[in-house]
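Colleague:
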Amino acid sequence: PYDVLVVGGGPAGASAAIYAARKGIRTGIVAERFGGQVLDTVGIENFISVKYTEGAKLAASLEEHVKEYGIDVMKSQRAKRLEKRDFIEVELENGAVLKSKTVILSTGARWRNVGVPGEEEFKNKGVAYCPHCDGPLFAGKHVAVIGGGNSGIEAAIDLAGIASHVTVLEFMPELKADAVLQDRLYSLPNVTVLKNVQTKEITGTDKVNGISYIERDTGTVQHIELDGVFVQIGLVPNTDWLGDTVERNRIGEIVVNSHGATNVPGVFAAGDCTNSPYKQIIISMGSGANAALGAFDYLIRN
Ligand code: FAD
208 PYDVLVVGGG PAGASAAIYA ARKGIRTGIV AERFGGQVLD TVGIENFISV
258 KYTEGAKLAA SLEEHVKEYG IDVMKSQRAK RLEKRDFIEV ELENGAVLKS
308 KTVILSTGAR WRNVGVPGEE EFKNKGVAYC PHCDGPLFAG KHVAVIGGGN
358 SGIEAAIDLA GIASHVTVLE FMPELKADAV LQDRLYSLPN VTVLKNVQTK
408 EITGTDKVNG ISYIERDTGT VQHIELDGVF VQIGLVPNTD WLGDTVERNR
458 IGEIVVNSHG ATNVPGVFAA GDCTNSPYKQ IIISMGSGAN AALGAFDYLI
508 RN
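Note that full-length UniProt numbering has the sequence shown beginning at 208, numbered continuously upward.
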């Protein structure tokens, strides 16, 4: 068996595997797509100490760093079941069952798409999902935020400080965000809120140039010209495969304590698949390191 088996090969998993291996213990890592969400990212400007890098390059460096150590790397493999017996067992979709004394779950998350024409086509060309990452690219420009929940309204407030104008589109007749966020939003001079509207299409040529929406009470189609669209309708953790083996919160995030430990002894978790409030590369890497040290501490005590 492994001492530490990491499930997920994004920034959190890579960091956890390196921290574990550096303790001289038997470490494996299983990843469906090594690199994770980083592979879908173009420019990265907030990976501190590196002024600018690109997703493909960072993903390659993560893998290169992992391969510096005697870590068993199992790529293009998907975990489908976790069970605690004498060891913790992780079953892969190909039928193999891996055994380990501790497991670190780092299966990440994915942004929920709006699924309208133009979204896929203009990803990284004006369609964005992360205001902390891509907000500065829209300095002085007009952007839309799709989604009036807490994340959408937080994004709109954040972007209003950078962009010239922010238009919020909410499908329901009312915003769902907390009242304090709504008050803050409505106090800003450069924000327009459209409620009860359905996004129809994100338009553009080589990059985004506008958004079309339907006013749901009248059925009228409207179009606004703008430069960017932030989709903020939810981040879904990749944790369905765990069923109820490990405690998850209402939105499916794995609940961890300050050591990265879950409710199952020996099972730890890190990164975007957990209930950590902010989801970023540097935060995922930190929590991966934290969970690996938590797992090591568990191993020396058990
Ligand atoms: P992920 O990166 O999601 O990695 C999850 C890993 O688990 C992958 O290897 C995946 O294949 C694997 N996996 C999932 N399910 C299974 C399974 N069942 N079995 C085996 N493996 C599985 N953050 C920044 O800090 N700066 C940015 O500029 C930035 N830009 C972004 C741009 C885009 C378009 C996106 C989508 C995200 C961006 N982020 C950015 C967020 C950042 O990418 C994430 O916070 C970070 O990648 C999370 O790392 P993670 O390791 O927790 O999860």
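Ideal Cβ positions, reconstructed from N, Cα and C, are used throughout, including at glycine.
1. Residue 422 and residue 187 - do their beta-carbons sit closer together than 7 Å?
2. Looking only at its chain, what residues have a beta carbon closer than 6 Å to the beta carbon of residue 499, apart from the 5 residues adjacent to it on each side?
3. With a floor of 4 residues, list each alpha helix (DSSP H) that falls wholly inside the segment 345-378, ordered by position along the chain.
4. What are the boundary residues of the beta strand (DSSP E) that residue 411 is part of?
5. Distance, Cα to Cα, residue 259 vs residue 246?
6. Could you check whether the Cβ of residue 253 sits closer than 6 Å to any heavy atom belonging to the ligand FAD?
7. So what does DSSP say about residue 444, is it helix, strand or coil?
8. Nearer than 6 Å: is that true of the beta carbon of residue 445 relative to any heavy atom of the ligand FAD?
9. Which ranges would you report for the beta strand (DSSP E) in the segment 249-324 if only whole runs of at least 3 residues count?
10. Skipping 5 residues on each side, what residues in its chain have a beta carbon closer than 6 Å to that of residue 284?
11. Run the proximity test for residue 248: is its beta-carbon closer than 6 Å to any non-hydrogen atom belonging to the ligand FAD?
12. Identify whether residue 388 lies in helix, strand or coil by the three-state DSSP scheme.
13. At a cut-off of 6 Å, is residue 285 close to the ligand FAD when judged by its beta-carbon and the heavy atoms of the ligand?
14. Measuring CB to CB, does residue 424 end up less than 7 Å from residue 397?
15. Counting Cβ pairs, one atom from each stretch, are 3 or more of them under 8 Å apart for the segment 366-373 and the segment 334-347?
Modeller: Straight from the coordinates:
1. Because the chain spans 208 through 509 in this model, residue 187 falls outside it and cannot be assessed.
2. 223, 226 and 227
3. 357-367
4. 404-411
5. 15 Å
6. yes
7. strand
8. yes
9. 279-282, 286-291, 295-299, 304-312 and 316-318
10. 237 and 299
11. yes
12. helix
13. yes
14. no
15. yes
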